[in-house]
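2 protein chains.
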Amino acid sequence: MPRLRFRISMSLDGFVAGPDQSVEDPIGVGGMRLHEWVFPLKAWRGPQGLQGGEENASNDVVEDWLQNIGATVMGRNMFGGHPGPWNAREPWNGWWGHTPPFHHPVFVLTHHARKSLEMQGGTTFTFVTEGIESALEQAMRAAHGKDVALAGGASAARQYLAAGLVDEMDIALVPVLLGKGERLFEGLGDKPKALVHVRTVSMPDVTHVRFARA
Amino acid sequence: MPRLRFRISMSLDGFVAGPDQSVEDPIGVGGMRLHEWVFPLKAWRGPQGLQGGEENASNDVVEDWLQNIGATVMGRNMFGGHPGPWNAREPWNGWWGHTPPFHHPVFVLTHHARKSLEMQGGTTFTFVTEGIESALEQAMRAAHGKDVALAGGASAARQYLAAGLVDEMDIALVPVLLGKGERLFEGLGDKPKALVHVRTVSMPDVTHVRFARA
């Protein structure tokens, strides 16, 4: 059965983005500290078209994340740009330039309809206004039997977790304290309890904790 | 310099106690799941007067916690019993029976004055109504140059963290999702940011993450 697989970086105090998100600080002030562990890794550099990189236990985790993924779901805030209706004159086409690193269909949750966007390298952005279940169904169809990645951000992830739709969850726990920002685990009810611990992989700069449906 | 050293078990979703704390569930419904990792350890069993136990990486961490501690500070909720004024007829003397496992002076934060309580095995409970700084000063004096342990609960710990008085913090991160309960990292402001990551020790059932003053 294809699964919905979610992975995210979180500070030890529970934040997946810093406070005061903006175009200058897309993941909030200090939020980039949650992602520094990934940049040296070969598995991250490859899809960006970069050579080389470290091949350590974190790299194995990231390689595993990318295995067998046929489509991605993300929230509007992660796709970014600006809140509210799309700017027709200067449309925001995502953070990732002409050749986004997904290389497969990406479904963006939004309240504002928009035509699909075909990028270079096999990434298409499809904008879904019918809610999280519709986006997941469309992504599952597009994935042709492979798994679907839930990329974030926090709000989209919370919605899928609260609905009990996540099959696998990987938390990359970063040992920093952000103090404030956007929480992942907030108001989720009992649904996440169906996810049980599978394994922990620990590096000095990040601890990878995996949960899956029992 | 003697230090204030804090250690606590926390769920991956950030809770240090489950919801609905009561005499039956002193750390809330499901809260005992945060502490199951410690019970098999030799370093935990010894101070309880029990023989044997596991000697693994978690055991080393717990042994280290207990090293060079001359006094303990804790909150009234951790000392337990009931909220409000002390019951003069049937005074609550803590959760730990006649011989508590501290074997040194313990300072209990409370709004309700009470005479000190001398237990067997070297533990005395002193009740401090003058606030967290007074309790810390008294504990430091009583520790005679050794460190002071901050035992919890969540509210007392938050007060010391928010005041920037914690020198070392060990989070025993347990890979369970409680869904709700009492958070440690809530409303602490910027003070905890002065604590930086020192080391991570990972076991299948718990990940020990240490922070210390930079």
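As given, the protein sequences belong to chains V and U, one line each in that order.
Per this note's numbering, the first sequence starts with residue 2, numbered consecutively.
Per this note's numbering, the second sequence starts with residue 2, numbered consecutively.
Don't be surprised by glycine CBs; every beta carbon is placed ideally from N, CA and C.
Asked: Which residues, taken in chain order from the stretch 4-28 of chain U, show a beta carbon closer than 8 Å to some beta carbon of chain V?; Found: L13, D14, G15
Asked: Mapping DSSP to helix, strand and coil, what is D14 (chain V)?; Found: coil
Asked: The alpha helix (DSSP H) with A89 (chain U) in it runs from where to where?; Found: Where A89 (chain U) is concerned, there is no enclosing alpha helix (DSSP H), given that its DSSP letter is neither H nor E.
Asked: At a Cβ cut of 9 Å, what residues of the stretch 110-135 of chain V count as close to chain U, listed as they run along the chain?; Found: none
Asked: Secondary structure at G76 (chain U), three-state DSSP: helix, strand or coil?; Found: strand
Asked: Could you tell me whether the Cβ atoms of G82 (chain V) and W93 (chain V) are closer together than 8 Å?; Found: yes
Asked: Excluding the 5 residues preceding and the 5 following G47 (chain U) in the sequence, name in chain order all residues of the same chain whose CB lies nearer than 8 Å to its CB.; Found: G54
Asked: Taking 8 Å as the CB-CB limit, is S156 (chain V) close to chain U?; Found: no
Asked: Taking the beta strand (DSSP E) that L166 (chain V) falls in, what are its first and last residues?; Found: Run containing L166 (chain V): none; DSSP gives neither H nor E here.
Asked: Kindly indicate which residue of U:L13, U:M141, U:R6, U:R4 has the alpha-carbon position closest to the one of V175 (chain U).; Found: U:L13
Asked: The beta strand (DSSP E) that contains P204 (chain V), what's its start and end?; Found: The question names Pro, but residue 204 (chain V) is Met in the sequence shown. Counting along the chain, the beta strand (DSSP E) containing M204 (chain V) begins and ends at 196-204.
Asked: Grab me the residues of V167 (chain V)'s own chain with a C-beta within less than 6 Å of its C-beta, minus the 5 sequence neighbours each way, in chain order.; Found: L5, F7, Y161
Asked: At least one CB of chain U closer than 8 Å to the CB of I172 (chain V): is that the case?; Found: yes
Asked: Quick check on this structure: which residue in U:H198, U:P27, U:V74 has the alpha carbon closest to the alpha carbon of T124 (chain U)?; Found: U:V74
Asked: Taking only three categories from DSSP, how would you classify V63 (chain V)?; Found: helix
Asked: Answer with yes or no whether the minimum CB distance from S59 (chain V) to chain U is below 8 Å.; Found: no
Asked: Around the C-beta of V24 (chain U), are 16 or more other C-beta atoms found within 10 angstroms, so that it is buried, or is it exposed?; Found: exposed
Asked: Under the DSSP definition of a beta bridge, which residues are partnered with V175 (chain V)?; Found: V:S12
Asked: Using a Cβ-Cβ cut-off of 8 Å, state whether F186 (chain U) counts as contacting chain V.; Found: yes
Asked: What residue ranges within the stretch 99-176 of chain V form continuous beta strand (DSSP E) runs of no fewer than 3 residues, ordered along the chain?; Found: 106-110, 125-129, 148-153, 169-175
Asked: Quick test of your reading: A144 (chain U) and P3 (chain U), contact by CB under 8 Å. State the CB separation rounded to the nearest angstrom.; Found: 6 Å
Asked: Count the other C-beta atoms from every protein chain shown that fall within 10 angstroms of the C-beta of S135 (chain V), then say buried if there are 16 or more, exposed otherwise.; Found: exposed
Asked: Can you find the residues in the same chain that come closer than 7 Å, C-beta to C-beta, to N78 (chain U), ignoring five residues on each side of it along the sequence?; Found: G154, S156
Asked: When you compare each of U:P106, U:E119, U:G85 to H99 (chain U) by their alpha carbons, which one comes out closest?; Found: U:E119
Asked: Hey, is V39 (chain U)'s beta-carbon within less than 8 Å of any beta-carbon in chain V?; Found: no
Asked: Please confirm whether G180 (chain V) and L185 (chain U) have their CB atoms less than 8 Å apart.; Found: no
Asked: For H209 (chain U), which residues does DSSP report across the bridge?; Found: U:A173, U:V202
Asked: List the residues of chain V that D191 (chain U) touches, going by C-beta distances under 8 Å, in chain order.; Found: G180
Asked: Can you have a look at E183 (chain U) and say buried or exposed, based on whether 16 or more other CB atoms are within 10 angstroms of its CB?; Found: buried
Asked: Cβ of K43 (chain V) less than 8 Å from any chain U Cβ?; Found: no
Asked: Would you decide whether S117 (chain U) is buried or exposed? Buried here means 16 or more other CB atoms lie within 10 Å of its CB.; Found: exposed
Asked: Please classify R211 (chain U) as buried or exposed, where buried requires at least 16 neighbouring CB atoms within 10 angstroms.; Found: buried
Asked: Please name the residue in V:F128, V:W66, V:E169, V:D65 whose C-alpha comes closest to that of G95 (chain V).; Found: V:F128
Asked: Name the chain U residues whose beta carbon is nearer than 8 Å to that of L196 (chain V)?; Found: L178
Asked: Looking only at C-alpha atoms, which of U:W97, U:L35, U:F16 sits nearest to D206 (chain U)?; Found: U:L35
Asked: Would you please verify whether the beta carbon of V210 (chain U) is less than 8 Å from any beta carbon of chain V?; Found: yes
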